[in-house]
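Trainee: Numbers 552 to 857, taken from the numbering used here, label the letters of the sequence shown in order.
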Amino acid sequence: MGVIMDVMIALFALAFISGMMIGGNCSYAMAAPFGAGALSKRRALILYLIFIFLGAVFGGRDVAQNLGRNIIGAVNPALGAVALLSLLLCVLMANILKVPLSTSEMTTGAIAGIGIFFGSLLSGSLLEFYASWILGAILCFLVTYLAARAFKRREPRIPFRKILLIGVGCFFAFSMGANNVGNAIFPLIGTLSMPFALLFGGLALVIGGAAFSGRTMEKMGKGVTEIDEASGLVSSLVAAMTLLIMSLMGLPAPAAHFYTLSTFGIGAANGRDNVSLRAVLEILVIWIVSPLLSIGISYGILALLY
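(1) Provide the residue span of the alpha helix (DSSP H) that contains Asn734, from first to last.
(2) Rounded to the nearest angstrom, what separates Met559 and Ala748 at their Cα positions?
(3) Assuming Gly606 contacts Ala724 under a Cβ cut-off of 8 Å, what Cβ separation, rounded to an integer in Å, is found between them?
(4) Please state if the CB of Leu630 and the CB of Ile665 are separated by a distance shorter than 7 Å.
(5) Could you check if Gly675 is buried or exposed, using at least 16 other CB atoms within 10 Å of its CB as the buried criterion?
(6) I need the straight-line Cα distance from Asn621 to Leu690, nearest angstrom please.
(7) If contacts are defined as beta-carbon pairs under 8 Å, then Pro842 and Gly660 qualify, I think. What distance do you get, rounded to the angstrom?
(8) Could you check where the alpha helix (DSSP H) with Ile667 kicks off and where it finishes?
(9) Between which residues of its own chain and Leu743 is the CB-CB distance below 7 Å, once the five residues before and five after are set aside?
(10) Nearest to Gly741 by CA position, among Leu562, Leu643 and Gly728, is which residue?
(11) Do Ser798 and Gly619 count as a contact pair if the criterion is CB distance below 7 Å?
(12) Can you tell me where the alpha helix (DSSP H) holding Tyr810 begins and where it ends?
(13) Answer yes or no: do Ile846 and Ala634 have a C-beta to C-beta separation smaller than 7 Å?
(14) In chain order, what residues of the same chain lie with their CB nearer than 8 Å to the CB of Leu802, ignoring the 5 residues before and after it?
(15) I'd like to confirm the pairing. Which residues does DSSP put opposite Ile740 in its beta bridges?
(16) In the DSSP assignment, find the unbroken alpha helix (DSSP H) run with Leu598 in it and report its ends.
(17) Looking only at its own chain, which residues have a Cβ that is under 8 Å from the Cβ of Ile717, when we skip the five neighbours before and after it?
(18) Let me make sure I understand the geometry here. Which of Gly670, Ile555 and Gly760 has the alpha-carbon closest to that of Val732?
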């Protein structure tokens, strides 16, 4: 009984800390209104915290259930703790480096590492996840690239641009909460009722977002490419809509990929000088290394335990 209690305490602690790290890493949801000067950093952060919480509580159910059941089957508390520990280490690295890491890829990789160790990996679901990520990222790049090219030829008159930009940022934060809260709480499904699990995860996201004070918002809003109001509106809207659609389908999605590819599409349309190649390479390296790292960490932990 004492061992079971220790495992459950560790699981809840890891879930909460992981939620905090995710909340700190996802503040780039408000990068466009911040980068375009529509909001100060403080106001952008406050709106981010409100809407990521609402997204987690009201939209996070399907992704959380999918992660907990469709990669290796049911995840018990002990294996859930291993997956969250792997995720936690990877997201901590991303926050330190101020790089917008895909927590969905990290979570999927950590669970896949467990499946590889025990020979229980459901490869069909994993391939479905990866195919949807690649397709979504390509679509985000193409749509924003084509839209930015059209804007260069004839910039549309958009009334109330700043208000629309802020609204889209809030929508993006909502979509971010809906898709990412499952990465922290999926092992709690069954231990807690779904509404309480979502509330638990939403609070963790908010506390983490406040603690890390919008580091990735600054990185993506100022550090990759210059974002004006029109292009920021398009990039955030495309990424947010793609993310929300995948959330409704129960698919964990790499929001960092979607938004980054959207901003790259804008930079490419405006000319090579508008894209920070160093920032691009830095992010791409993290994307390649971190999923492999999460698989290796979860596999390695199990190898030590067993």
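For each residue, glycine too, the CB sits at the ideal point set by N, CA and C.
Mentor: Let's see:
(1) Arg712 to Ile736
(2) 14 Å
(3) 7 Å
(4) yes
(5) exposed
(6) 25 Å
(7) 4 Å
(8) Thr654 to Phe669
(9) Phe751
(10) Leu562
(11) no
(12) Ala806 to Asn821
(13) no
(14) Val614, Asn617, Glu679, Phe680 and Ser683
(15) Leu743
(16) Lys592 to Gly610
(17) Pro584, Ala589, Leu590 and Leu598
(18) Gly760
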